[in-house]
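Novice:
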Amino acid sequence: MRSSLSALLMIACGTQVAFGQAAPAERPAPGFEQLEAEMGAANAAPGPRTVPAKVVPVPDTTSPQFRTAVAAPYRVPAWNANPPDAAAWKALVDKLAAAGAATLPALREKLGVTSEAAVIGGVKAFVVQPRQIPEANRNRLLLHIHGGGYVYNPGEAGTLEAILMAGLGGYKVISVDYRMPPDAPYPAAMDDATAVWRAMLSMQKPGNMAVFGTSTGGGMTLALMLRAKAEGLALPAAIGLGTPWSDMTETGDSYRTNEWLDNVLVSYSGYLTPAAKLYAAGRDLKDPQLSPIYGDFTGLPPAILVTGTRDLFLSNTVRTHRKLRAAGIDASLQVFEGMSHAQYLFTPDAPETREVFGEMARFFDGHLGR
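Numbering (mature numbering (1 follows the signal peptide of the UniProt record, and there is no 0)), first residue to last: -18 to -1, 1 to 352.
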């Protein structure tokens, strides 16, 4: 009876078996038994985990457009740059900024977006908006803080994410062109972001505004919320944190699990380490204005966070999400398959990019007043 019942269950589950015969066991992949023994021995005691060297294929679970970005080689020379002096840093930054800015007019045209240089709160900025702002967003305003490890994307080059939000999300955006090292280390960038936010409070109700940014921009968004709280400034209705650099101390699981897999940042030992030192200028990296994960998140606005399975900053994002939740904050975590750090910014035609900005725009729509 038991044999018949087992056979019927196996047939119902799609397993073919002859009555009275046991199903053949699946054979492990060649070499698995040896690898199993080696890994078992290497990990027999508590402590760091040893894993085998392996090749990670490009997932076929992403869109064809995005798959090209996932398969791309490392981003040279940005990921491992470590110029010997300030002049060399500025030369590299200017070269990359010029190349990035050159691609933006065509993107603005394609998305129906305009961009105008401005000075807001005494700080250089860009006003980026759709040619036709949807009715629901006409009394809404977003502050954008660009990424780039505190050293990259000055000027127009820093408006890429603002263009995508304006074009795909339908919002008017002010993108702050904050000062950066080597000429202007901390606190110049935060002073500029705070000055622009303070000025924006006279332009629109705080309940009708949001602040967002990716990487450095995500970390600075969090730091701005902490500083605004400390200075008694009104907070926005929501914040958007794209894979935020919320901890500059190289703390978190994905700094190891995704090292060399992320094809954008690649390794914390690349440009991130010297960039962090340039920005901090000797200040303790656990200062919440540098690493906001060590600050008090009580009372922060609702937040949406974006990361990917290959992101070197996956742990930064997850830890930030958990800390927001622990503080009682409404926080939504969006994790994308195969995505390296901030990769949605480099693939404007990919469905994944439209999903990222669609999710963020809907989140803001649900929290901002009209």
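Even glycine gets a Cβ: it sits at the ideal position worked out from N, Cα and C.
1. How many angstroms separate the CA atom of Ala262 from the CA atom of Gly22?
2. Among Gly199, Arg301, Arg352, which one has its Cα closest to the Cα of Gln271?
3. Would you kindly report the start and end of the unbroken alpha helix (DSSP H) that includes Leu287?
4. Near residue 356, which residues of its chain fall below 8 Å by C-beta distance, leaving aside the five closest residues on each side in sequence?
5. I'd like the list of long-range same chain contacts for Asn310, defined as Cβ closer than 8 Å, with 5 residues on each side in sequence excluded.
6. Please say whether Ala148 and Phe328 have beta carbons closer to each other than 8 Å?
7. Work out the CA separation of Gly131 and Ala75 for me, nearest whole Å.
8. Could you tell me the distance, in whole angstroms, from the CA atom of Thr289 to the CA atom of Asp229?
9. Going along the chain, which residues of its own chain have a beta-carbon closer than 8 Å to the beta-carbon of Gln3, five neighbours each way excluded?
10. By DSSP, does Val(-2) sit in helix, in strand, or in coil?
11. Answer with buried or exposed for Ser184, where buried requires no fewer than 16 other C-beta atoms within 10 angstroms of its C-beta.
12. Can you tell me the Cα-Cα spacing of Gly201 and Lys187, whole angstroms?
13. Ignore the nearest five residues each way along the sequence and tell me which others in Lys106's own chain have a CB closer than 6 Å to its CB.
14. Return the first residue and the last residue of the beta strand (DSSP E) that Pro112 is part of.
15. Could you tell me the boundaries of the alpha helix (DSSP H) in which Ala205 lies?
16. Quick one: is Phe295 buried, meaning 16 or more other Cβ sit within 10 Å of its Cβ, or exposed?
17. To the nearest whole angstrom, what separates the beta carbons of Ala175 and Ile127, a pair I think is in contact under 8 Å?
18. I'd like the span of the alpha helix (DSSP H) that includes residue 353, first residue to last.
19. Would you kindly work out how many angstroms separate the C-alpha atoms of Ile121 and Glu232, rounded to a whole number?
20. In this structure, what does DSSP give as the bridge partners for residue 361?
21. Pull up the distance between the alpha-carbon of Gly222 and that of Thr32, whole angstroms please.
Specialist: Judging by the given coordinates:
1. In the sequence shown, residue 262 corresponds to position 280, counting from 1. In the sequence shown, residue 22 corresponds to position 40, counting from 1. Between Ala262 and Gly22, the C-alpha separation is close to 43 Å.
2. Working through the sequence shown from its first residue, we reach residue 271 at position 289. The option with the nearest alpha carbon to Gln271 is Gly199.
3. Position 305 of the sequence shown, counted from the first residue, corresponds to residue 287. First-last for Leu287: 285 to 290, but that is the beta strand (DSSP E), not the alpha helix (DSSP H).
4. With the chain covering -18 to 352 only, the question about residue 356 has no answer from this structure.
5. Residue numbering aside, residue 310 sits at position 328 when the sequence shown is read from its first letter. Here residue 310 is Gly; the residue named in the question, Asn, does not match the sequence. Cβ within range, chain order: Thr280.
6. On the sequence shown, residue 328 is found 346 positions in, with the first residue counted as 1. On the sequence shown, residue 148 is found 166 positions in, with the first residue counted as 1. Contact: no.
7. By one-based count along the sequence shown, residue 75 stands at place 93. By one-based count along the sequence shown, residue 131 stands at place 149. Inspection of the sequence shows that residue 75 is occupied by Val rather than by Ala. About 11 Å.
8. Residue mapping note: residue 289 aligns to position 307 of the sequence shown, counting from 1. Residue mapping note: residue 229 aligns to position 247 of the sequence shown, counting from 1. Thr289 and Asp229: Cα-Cα distance of roughly 15 Å.
9. As a first step, residue 3 must be located in the sequence shown, where it is residue number 21. Bear in mind that a pLDDT of 49 at Gln3, under 50, signals an unreliable position, so the model cannot answer this.
10. As a working mapping, residue -2 is identified with position 17 in the sequence shown. In this prediction, Val(-2) has a pLDDT of 38, which is less than 50 and means its spatial position is unreliable; what the coordinates show is noted afterwards. Correct three-state label for Val(-2): coil.
11. For the purposes of this step, residue 184 is taken as the residue at position 202 of the sequence shown. With fewer than 16 other Cβ atoms within 10 Å, it is exposed.
12. The residue labelled residue 201 in the question sits at position 219 within the sequence shown. The residue labelled residue 187 in the question sits at position 205 within the sequence shown. For Gly201 and Lys187, the distance between alpha carbons rounds to 24 Å.
13. Start at 1 with the first residue of the sequence shown, and residue 106 comes out as number 124. Correct list, in chain order: Asp159.
14. By one-based count along the sequence shown, residue 112 stands at place 130. Here the beta strand (DSSP E) through Pro112 covers 105 to 112.
15. Against the sequence shown, residue 205 aligns to sequence position 223. Note, Ala205: alpha helix (DSSP H), 198 to 212.
16. Start at 1 with the first residue of the sequence shown, and residue 295 comes out as number 313. By the neighbour-count rule (16 or more Cβ atoms within 10 Å), Phe295 is buried.
17. For the purposes of this step, residue 175 is taken as residue 193 along the sequence shown, with counting starting at 1. For the purposes of this step, residue 127 is taken as residue 145 along the sequence shown, with counting starting at 1. Indeed, because the Cβ distance is near 6 Å, the residues count as touching under 8 Å.
18. The question about residue 353 has no answer here: the residues shown for the chain are numbered -18 through 352.
19. On the sequence shown, residue 121 is found 139 positions in, with the first residue counted as 1. On the sequence shown, residue 232 is found 250 positions in, with the first residue counted as 1. In the sequence as presented, Ile is not what sits at residue 121; that position holds Asn. Going by the C-alpha atoms only, they are around 40 Å apart.
20. Outside the shown range of the chain, which is -18 to 352, sits residue 361, and nothing can be said about it.
21. In the sequence shown, the residue the question calls residue 222 occupies position 240. In the sequence shown, the residue the question calls residue 32 occupies position 50. Cα to Cα, the separation comes out at about 36 Å.
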